[in-house]
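Chemist: Residue numbers (our numbering), protein chains in the order written: chain A, 1 to 499; chain B, 1 to 493.
1) What does residue 62 (chain A) reach in chain B if we use C-beta pairs closer than 8 Å?
2) Per DSSP, residue 143 (chain A) is paired with what?
3) Please list the terminal residues of the continuous beta strand (DSSP E) segment that includes residue 35 (chain A).
4) Determine the direct distance from the alpha carbon of residue 91 (chain A) to that of residue 40 (chain A), and round the result to whole angstroms.
5) Ordered along the chain, which non-local residues of its own chain (more than five positions away) have a Cβ less than 7 Å from that of residue 110 (chain B)?
6) Can you tell me where the beta strand (DSSP E) holding residue 17 (chain A) begins and where it ends?
7) Show which residues of chain B have a CB atom less than 7 Å away from the CB atom of residue 99 (chain A).
8) Ordered along the chain, which non-local residues of its own chain (more than five positions away) have a Cβ less than 6 Å from that of residue 27 (chain A)?
9) Give a yes or no on whether the C-beta atoms belonging to residue 209 (chain B) and residue 81 (chain B) are separated by under 8 Å.
10) Hey, residue 54 (chain A) and residue 241 (chain A) are a contact pair by Cβ (cut 8 Å); roughly how many whole angstroms apart?
11) Which residues, in chain order, does the stretch 92-118 of chain A contribute to contact with chain B at a C-beta distance below 8 Å?
12) Return the residue from the list B:335, B:370 and B:302 that minimises the CA-CA distance to residue 394 (chain B).
13) Taking DSSP as the reference, what is the three-state secondary structure of residue 295 (chain A)?
14) Would you check if the distance between the CB atom of residue 106 (chain B) and the CB atom of residue 223 (chain B) is smaller than 8 Å?
15) Within the 8 Å Cβ cut-off, does residue 80 (chain B) reach chain A?
16) Mind checking residue 409 (chain B): buried by the 16 CB within 10 Å criterion, or exposed?
17) Here's the rule: buried if 16 or more other CB atoms are within 10 angstroms of the residue's CB, otherwise exposed. What is residue 102 (chain B)?
18) With respect to the beta strand (DSSP E) encompassing residue 403 (chain B), which residues constitute its N-terminal and C-terminal limits?
19) Whose CA, out of B:450, B:331 and B:458, lies closest to the CA of residue 97 (chain B)?
20) If you follow the alpha helix (DSSP H) that residue 437 (chain B) is part of, which residue opens it and which one closes it?
21) Are any of the Cβ atoms in chain B nearer than 8 Å to that of residue 307 (chain A)?
22) Can you tell me the Cβ-Cβ gap for residue 319 (chain A) and residue 146 (chain A), rounded? I've got them flagged as a contact below 8 Å.
23) If we ignore side chains and look at the alpha-carbon of each, how far apart do residue 494 (chain B) and residue 170 (chain B) end up?
24) Restricting to Cα atoms, I'd like to know which of A:255, A:351 and A:461 is closest to residue 23 (chain A).
25) Determine the closest residue to residue 122 (chain B) out of B:195, B:230 and B:90, with distance taken between C-alpha atoms.
26) Is the CB-CB distance between residue 365 (chain B) and residue 194 (chain B) below 8 Å?
27) So which residues on chain D does residue 292 (chain A) lean against when the C-beta distance must stay under 8 Å?
28) Since I believe residue 418 (chain A) is in contact with residue 389 (chain A) (beta carbons under 8 Å), could you give me their beta-carbon distance rounded to a whole number of angstroms?
29) From the DSSP secondary-structure annotation, give me the bridge partner or partners of residue 221 (chain A).
30) So if DSSP puts residue 99 (chain A) in a beta bridge, which residue, or which two residues, is it bridged to?
31) Taking all protein chains shown into account, do 16 or more other C-beta atoms lie within 10 angstroms of the C-beta of residue 439 (chain B), making it buried, or fewer, making it exposed?
32) Taking buried to mean at least 16 other C-beta atoms within 10 Å of its own C-beta, is residue 50 (chain B) buried or exposed?
33) Can you give me the C-alpha to C-alpha distance between residue 1 (chain B) and residue 29 (chain B), rounded to a whole angstrom?
34) Quick test of your reading: residue 502 (chain B) and residue 355 (chain B), contact by CB under 8 Å. State the CB separation rounded to the nearest angstrom.
35) Note down the Cα distance separating residue 457 (chain A) from residue 467 (chain A), rounded to an integer number of angstroms.
36) Which residues in the same chain as residue 338 (chain A) place their Cβ atom closer than 7 Å to its Cβ, once the five residues preceding and following it in sequence are excluded?
Given below as structure tokens:
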């Protein structure tokens with residue numbers, strides 16, 4: 001693979017060193033577990049959290065004479081992902097063996113794709129921001145390739161004083177390795193890339209994106225250079241398993257490399273590990289220790305071949321992806337780019353929003369989801385998946401406002417009640433007498449009462465029309481906030497004789 | 001009773017159906033013969049007496065009910081490379097000590113479904129790597145044949161030495177074998193038996209311990225052409241657990257036997273006349289050609305120009321695949337484990353103790369040719385040679401040749417612990433010079449006995465056919481069998 005520099009050095013991204021500015025160059029290899037019921041080459045289940053070695057077939061345990069058989073669903077998932085990355089789909093690809101000895105690698109080789117991957121070059125548009133002006137910056141990041149490969153098992157070193165235990169449940173589970181071009185220039189870009197990639201596979205349903213379960217993890221290649229100079233020597237940080245850690249690992253690694261270079265040293269190409277506890281990377285193995293994997297085509301598997309119709313069928317069934325959804329939210333619902341960006345960033349949020357917005361005003365729905373729901377989730381440290389207020393409940397609250405049954409401020413109260421106690425918003429309004437008073441006779445009586453009690457202010461209001469607001473507030477207070485604020489406002493102004 | 005072992009599969013099949021004897025009696029006759037002679041031959045590494053008796057009893061019930069399968073009650077020996085559920089399956093390697101599979105290979109399952117009876121597991125070269133059966137962890141197998149006037153012990157060939165010897169000595173009615181570079185055809189030629197390596201993909205490889213995945217094929221060794229045809233019919237199938245198996249209908253191979261070869265074109269490739277080949281083999285080859293001419297076939301001189309590259313290319317491809325296939329024998333999950341100070345030490349001790357010298361040699365060759373910097377020069381180039389070899393055959397068949405006649409081996413059986421062979425592994429590898437091309441091209445090849453040499457040892461001829469045209473091989477091999485007659489060793493045991 002030849003490394004092309006597709007980005008123009010941008011001083012915004014530079015990081016200052018003791019002797020001048022530096023630019024960070026980052027490429028990512030993301031391992032994403034394919035969403036499938038069975039493993040890549042065996043019928044064993046892929047279910048997470050099973051008893052150790054419960055999901056192991058004869059193939060996964062590499063029993064003598066066992067042969068791999070490709071799981072077509074994993075092939076479809078890889079093609080779907082390739083389509084989602086707007087990438088070249090290779091109708092002929094080859095599975096190779098990557099040979100090395102490791103106790104949790106039963107075959108003594110990993111079946112992977114080396115020279116001929118199933119998916120070739122593609123692109124991901126990442127969004128950086130919002131900046132202080134609330135704007136997002138879109139950057140196109142190149143995808144080098146995507147290939148299918150087997151996961152290894154797990155070694156457990158804490159079960160016995162002198163022995164290691166092996167759990168082969170993950171052995172043979174399908175992974176997509178998605179390799180970016182060295183197009184990322186900051187830890188923020190790398191985090192945005194991972195976030196966007198995760199959003200895409202979640203939209204596609206090809207990977208659940210659960211990094212804490214190990215469904216997605218990244219090998220991060222980091223090098224630094226003086227702006228405009230050729231690429232420097234890179235180090236690969238293995239198996240980083242959260243977006244936050246990706247940022248921390250890059251920041252630390254770049255600083256480490258800059259310190260060495262500014263001291264007149266050179267960077268050794270090596271594999272490093274990120275220690276989240278210490279927030280630093282440390283050497284794992286040098287290039288000299290690198291394995292010779294002796295790749296060769298797996299003779300147990302024929303080349304993987306499919307036709308245009310196979311790809312076309314998958315393309316036709318592809319769900320709407322974040323970029324397209326964002327476009328649609330802006331053009332057909334009239335949302336701002338800012339709101340649309342937030343709503344599409346996570347498929348679960350987008351799904352929530354669309355459930356609320358269906359049959360309702362899009363902007364109102366967006367305001368409620370972003371300002372109230374996401375605000376509250378953020379404040380309480382919850383994910384959208386954990387929201388106590390369902391889309392139907394939030395929708396009902398919005399409906400009550402629209403029907404004029406409650407005011408905006410009562411609606412906020414109602415939202416709190418539903419958040420804490422649950423229940424049907426309409427019933428709560430009814431039961432707790434929260435319905436706003438729209439009977440103008442009753443409101444008029446209250447307005448008259450307040451004006452009668454405050455003749456001085458009523459007089460002053462003729463000079464200072466702003467005082468009308470004070471009267472509205474008094475009426476609202478007197479009615480326990482249940483009066484329709486528009487009706488109150490109109491009556492107050494009419495009675496005071498102000499515009 | 002032991003007389004019952006004299007019948008071929010075809011004969012026994014009729015007599016079992018006719019009620020002349022029972023499957024239990026037939027099985028008992030073979031078990032008796034094995035118990036009496038196996039100590040001499042070392043052909044079986046495990047005899048499954050109880051298993052055999054149960055299967056025979058079940059066959060008798062089916063025979064009585066008229067529900068007999070194609071191989072109902074026929075006692076077979078199974079090469080140790082085939083996984084047999086709960087029964088010794090070690091590829092005759094120390095590294096698979098005490099390994100008992102929880103599964104049955106597709107080919108043996110096909111045989112049992114057709115009513116065959118398993119007598120036991122047959123000796124072989126370790127992981128099918130060898131041409132003399134001397135690399136077996138269980139020791140060499142004796143060829144039932146001896147040179148005239150000599151008592152010297154001869155090898156039965158390999159790697160399916162136990163299969164060939166047990167068939168020749170009537171210690172089974174027929175045997176399964178496998179062929180990666182000649183492991184069915186060479187031992188068949190050394191023992192006066194018939195062995196066919198079918199087209200790659202004809203039999204499922206599922207449950208057969210892998211040596212070189214792109215070359216390995218299952219096939220039978222039998223006493224005559226008809227028995228080989230009967231066995232292959234039962235063994236062959238497409239298998240969704242082996243994606244390299246091919247979905248082509250399995251014809252009734254027996255029906256091809258006895259059909260006239262009049263008008264058929266038999267190719268004689270000039271490149272198979274190798275330096276140092278005994279005059280007797282050349283003469284036999286010519287005689288074979290004459291038999292075809294006499295039978296009305298047309299002889300055609302053909303050229304397979306890349307033949308001379310086949311053996312070197314084979315000894316790159318096969319070890320490369322083997323080095324990877326054998327990586328799973330690491331002492332972690334099953335088989336032998338030699339404890340070590342850490343995991344690497346355990347791997348090294350286990351594999352050092354578990355593999356024999358020939359297996360180690362091939363694992364090292366294979367590891368070397370796949371290494372960074374050598375891959376293109378060796379493995380990639382060997383694959384290109386392989387394409388050229390395949391094309392040679394395609395061109396010959398495209399020109400109208402129906403089958404190609406060659407010698408099966410460059411010599412007759414040699415002595416156990418032959419000094420020249422032991423000193424130079426390449427001498428041993430040359431045994432496969434006429435057979436490896438067929439594996440490299442994925443074609444079917446059959447070895448059929450054609451005569452005896454001056455020492456009274458059997459010599460075979462090989463016929464090579466189009467992909468999935470095993471019928472023509474049975475048809476043409478039968479012509480040789482008819483002309484040459486059948487060959488049985490003098491009984492000394």
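Positions of the beta carbon are idealized from the N, C-alpha and C atoms, including for glycine.
Modeler: The structure says:
1) In the first chain, counting from the first residue as 1, residue 62 (chain A) sits at position 62. In chain order: 328 and 333.
2) On the first chain, position 143 is the one that residue 143 (chain A) refers to. In the DSSP secondary-structure assignment, residue 143 (chain A) is bridged to A:122 and A:180.
3) Taking the first residue of the first chain as position 1, residue 35 (chain A) is located at position 35. No beta strand (DSSP E) contains residue 35 (chain A), which DSSP labels as neither H nor E.
4) Translated into the one-based positions of the first chain, residue 40 (chain A) becomes position 40. Translated into the one-based positions of the first chain, residue 91 (chain A) becomes position 91. Those two C-alpha atoms are separated by around 18 Å.
5) Position 110 of the second chain, counted from the first residue, corresponds to residue 110 (chain B). Taken in chain order, the residues that qualify are 234, 235 and 237.
6) Position 17 of the first chain, counting from 1, holds the residue named residue 17 (chain A). It spans 15-17 - the beta strand (DSSP E) in which residue 17 (chain A) sits, taken as one unbroken run.
7) Residue mapping note: residue 99 (chain A) aligns to position 99 of the first chain, counting from 1. Simply 324 and 327.
8) Mapped onto the first chain, residue 27 (chain A) falls at position 27. Counting only Cβ-Cβ distances below 6 Å, and skipping sequence neighbours, we find 180, 182 and 221.
9) Looking up residue 209 (chain B) in the second chain gives position 209. Looking up residue 81 (chain B) in the second chain gives position 81. Going by C-beta atoms, residue 209 (chain B) is nearer than 8 Å to residue 81 (chain B).
10) Along the first chain, one-based indexing puts residue 54 (chain A) at 54. Along the first chain, one-based indexing puts residue 241 (chain A) at 241. The pair is not a contact, with the Cβ atoms about 23 Å apart (cut-off 8 Å).
11) Taking 8 Å as the Cβ-Cβ cut-off against chain B, the residues of the stretch 92-118 of chain A that qualify are 97, 99, 101, 103, 106, 107, 108 and 109.
12) Against the second chain, residue 394 (chain B) aligns to sequence position 394. Measuring from the Cα of residue 394 (chain B), the nearest candidate turns out to be B:302.
13) Stepping through the first chain from its first residue, residue 295 (chain A) is reached at position 295. In this structure, residue 295 (chain A) counts as coil in the three-state DSSP scheme.
14) For the purposes of this step, residue 106 (chain B) is taken as residue 106 along the second chain, with counting starting at 1. For the purposes of this step, residue 223 (chain B) is taken as residue 223 along the second chain, with counting starting at 1. Not in contact: residue 106 (chain B) and residue 223 (chain B) (Cβ atoms no closer than 8 Å).
15) On the second chain, position 80 is the one that residue 80 (chain B) refers to. Not closer than 8 Å to any Cβ of chain A, the Cβ of residue 80 (chain B) fails to qualify, so no.
16) What you label residue 409 (chain B) is simply residue 409 of the second chain in a count that begins at 1. Result: buried.
17) Within the second chain, residue 102 (chain B) is the residue found at index 102, counting from 1. So residue 102 (chain B) ends up on the exposed side.
18) Mapped onto the second chain, residue 403 (chain B) falls at position 403. Unbroken beta strand (DSSP E) run through residue 403 (chain B): 403-407.
19) The residue you call residue 97 (chain B) lines up with position 97 of the second chain. Nearest C-alpha to residue 97 (chain B): B:331.
20) For the purposes of this step, residue 437 (chain B) is taken as residue 437 along the second chain, with counting starting at 1. Where residue 437 (chain B) is concerned, the enclosing alpha helix (DSSP H) stretches over 436-441.
21) Start at 1 with the first residue of the first chain, and residue 307 (chain A) comes out as number 307. No, residue 307 (chain A) lies away from the interface with chain B (no Cβ there is under 8 Å from its Cβ).
22) The sequence position of residue 319 (chain A) within the first chain is 319, counting from 1. The sequence position of residue 146 (chain A) within the first chain is 146, counting from 1. Going by Cβ atoms, the distance from residue 319 (chain A) to residue 146 (chain A) rounds to 18 Å, so no, they are not a contact pair.
23) This structure leaves residue 494 (chain B) out entirely; chain B is present only between 1 and 493.
24) Position 23 of the first chain holds residue 23 (chain A). Closest by alpha carbon: A:255.
25) Taking the second chain and counting its residues from 1, one reaches residue 122 (chain B) at position 122. Of the candidates B:195, B:230 and B:90, the one whose C-alpha sits nearest the C-alpha of residue 122 (chain B) is B:90.
26) Taking the second chain and counting its residues from 1, the one referred to as residue 365 (chain B) is at position 365. Taking the second chain and counting its residues from 1, the one referred to as residue 194 (chain B) is at position 194. No, the pair does not count as a contact, with Cβ atoms beyond the cut-off.
27) Considering every chain present, this structure includes no chain D. Its protein chains are A and B.
28) In the first chain, counting from the first residue as 1, residue 389 (chain A) sits at position 389. In the first chain, counting from the first residue as 1, residue 418 (chain A) sits at position 418. Contact flag correct, Cβ pair sits at about 5 Å.
29) Sequence index remark: in the first chain, residue 221 (chain A) carries index 221 (1-based). Looking at the DSSP assignment, residue 221 (chain A) forms a beta bridge with A:27 and A:236.
30) For the purposes of this step, residue 99 (chain A) is identified with residue 99 of the first chain, where counting begins at 1. DSSP lists A:109 as partners of residue 99 (chain A).
31) On the second chain, residue 439 (chain B) is found 439 positions in, with the first residue counted as 1. Counting other Cβ atoms within 10 Å of its Cβ, residue 439 (chain B) reaches 16 or more and is therefore classed as buried.
32) Taking the second chain and counting its residues from 1, the one referred to as residue 50 (chain B) is at position 50. Answer is exposed; the Cβ neighbour count stays below 16.
33) Along the second chain, read from residue 1 onward, the residue named residue 1 (chain B) stands at position 1. Along the second chain, read from residue 1 onward, the residue named residue 29 (chain B) stands at position 29. Caution is warranted here: a pLDDT of 41 is assigned to residue 1 (chain B), below 50, making its placement in the model unreliable, and the coordinate value is therefore given only provisionally. Rounded to the nearest angstrom, the two C-alpha atoms are 6 Å apart.
34) There is no way to answer for residue 502 (chain B), as the model of chain B reaches only from 1 to 493.
35) For the purposes of this step, residue 457 (chain A) is taken as the residue at position 457 of the first chain. For the purposes of this step, residue 467 (chain A) is taken as the residue at position 467 of the first chain. Going by the C-alpha atoms only, they are around 8 Å apart.
36) Indexing the first chain from 1 puts residue 338 (chain A) at position 338. Excluding sequence neighbours, residue 338 (chain A) sits near 130 and 134.
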